[in-house]
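Report on the following structure.
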Amino acid sequence: MFRKTSSFAIAALTVLGTVSETAAGGRAVECYEPVNTPATYETVYENVLVSPAGQQVHTIAAIYGTRERVVQIAPARVSYEIVPAITRTIYRTVRVDDGGYSWEWRIIHGRRVLCKIRHRARYERVAETMVVQQERRRRVVHPAEYESIAEELVVQPEQRHIIDVPASYQTVARRVLVREGSTDWRRVHIPRHCRY
Numbered sequence: 006m007f008r009k010t011s012s013f014a015i016a017a018l019t020v021l022g023t024v025s026e027t028a029a030g031g032r033a034v035e036c037y038e039p040v041n042t043p044a045t046y047e048t049v050y051e052n053v054l055v056s057p058a059g060q061q062v063h064t065i066a067a068i069y070g071t072r073e074r075v076v077q078i079a080p081a082r083v084s085y086e087i088v089p090a091i092t093r094t095i096y097r098t099v100r101v102d103d104g105g106y107s108w109e110w111r112i113i114h115g116r117r118v119l120c121k122i123r124h125r126a127r128y129e130r131v132a133e134t135m136v137v138q139q140e141r142r143r144r145v146v147h148p149a150e151y152e153s154i155a156e157e158l159v160v161q162p163e164q165r166h167i168i169d170v171p172a173s174y175q176t177v178a179r180r181v182l183v184r185e186g187s188t189d190w191r192r193v194h195i196p197r198h199c200r201y
């Protein structure tokens, strides 16, 4: 900054001196021209974090299947039942009256007489039920009862995998100022005008 200020001061004095000498008809002793030095930039490459490191959980759902299975729905058991008696009906002739004698009044040829009457024995056919086999209790064995059922089962349980995801970076180019631009004064020699 000091260099710039001193350069401007020299240039101003020179211009003033030149103007006054020129106006007075004098000759230039020294001449200067401005020299601009542009600013210097440089491209800098740096890694920028795009996404931080983390973890991802990858889940695989459980797989289910169906299996047929035979199950007992009733155990074996014993019960008893009554078997009714077996009967048979037979028919036979039985004497229901022995017969014999009785006395009764009768009219015979216009005469009323007491007569001794002989009665024959009287028979009838009657039905009779006979027990061929008595009533009894019978033991009955009932086997166990089974049934086929379908049940759901896990073929493969749910699985979880943790995946580590590294941080992601990206290279970014950036221009940075290395040196600021400046203006200096350079002495020049112009024949017949400026002595060098």
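Using the working numbering, read the sequence shown as starting at 6 and increasing by one per residue. Glycine included, every Cβ here is placed at the ideal spot set by N, Cα and C.
Work out the CA separation of residue j and residue i for me, nearest whole Å.
i    : j    : result
I68  : R141 : 60 Å
Q138 : T92  : 7 Å
V53  : V170 : 17 Å
R127 : E109 : 19 Å
V159 : Y50  : 55 Å
F165 : Q61  : As written in the sequence, residue 165 is Arg, which differs from the Phe given in the question. Cα to Cα, the separation comes out at about 10 Å.
A173 : R179 : Residue identity check: residue 173 is Ser in the sequence provided, not Ala. So the alpha carbons of these two residues sit roughly 19 Å apart.
R197 : T188 : 27 Å
A81  : V146 : 8 Å
T27  : A33  : Legend: pLDDT at T27 = 45, less than 50; position of this residue unreliable, value from coordinates given subsequently. Whole-angstrom Cα-Cα distance: 8 Å.
R184 : I167 : 51 Å
A90  : T134 : 12 Å
D102 : R130 : 13 Å
I65  : A155 : 25 Å
I87  : R143 : 6 Å
C120 : H114 : 14 Å
T48  : R191 : 30 Å
P57  : V193 : 60 Å
G70  : Q161 : 9 Å
A29  : P39  : The predicted model places A29 with a pLDDT of 47, which falls under 50 and marks its position as unreliable, so this point remains unresolved.
R111 : I122 : 10 Å
A44  : L182 : 7 Å
Select from the options the residue whose C-alpha is nearest the C-alpha of residue i.
i    : options                : result
T42  : G186, C199, H194       : G186
E150 : T64, R74, A79          : A79
G105 : L119, I112, H124       : H124
I95  : E38, Q161, V136        : V136
T176 : T45, Y46, E47, V55     : V55
Q77  : L182, E163, E152, C199 : E152
E163 : V118, H63, A44         : H63
R72  : E157, V181, P148, R191 : E157
A132 : R116, I122, R97        : R97
P148 : E35, Y37, T45, S84     : S84
Check whether the Cβ of residue i lies closer than 8 Å to any Cβ atom in chain C.
i    : result
V183 : This model lacks chain C altogether, as it is built from one protein chain only.
Count the other CB atoms within 10 Å of the CB of residue i; is the residue buried (16 or more) or exposed (fewer)?
i    : result
I195 : exposed
A17  : For A17, the pLDDT reaches just 46, beneath the cut-off of 50, and the residue's location in the model is therefore unreliable, although a value from the coordinates is still provided. It is exposed - the Cβ of A17 has fewer than 16 other Cβ atoms within 10 Å.
Since residue i sits in a beta bridge, which residues does DSSP pair it with?
i    : result
A81  : Looking at the DSSP assignment, A81 forms no beta bridge with any residue, so it has no partner.
V75  : S153
A4   : Because residue 4 is not part of the residues shown, which for the chain are 6 to 201, the question remains open.
D189 : V40
D103 : According to DSSP, which records beta bridges pairwise, D103 is partnered with nothing at all.
List in chain order: all unbroken alpha helix (DSSP H) runs of 4+ residues lying wholly within the stretch 44-70.
none
Contiguous beta strand (DSSP E) assignments of at least 3 residues, all confined to the stretch 105-152:
Counting whole runs of 3 or more residues, the stretch 105-152 contains the beta strand (DSSP E) stretches 105-113, 116-124, 127-138, 141-147.
In chain order, what are the residue ranges of uninterrupted beta strand (DSSP E) at least 3 long that sit wholly in the stretch 149-187?
Within the stretch 149-187, complete beta strand (DSSP E) segments of at least 3 residues are found at 150-161, 164-170, 173-184, given in chain order.
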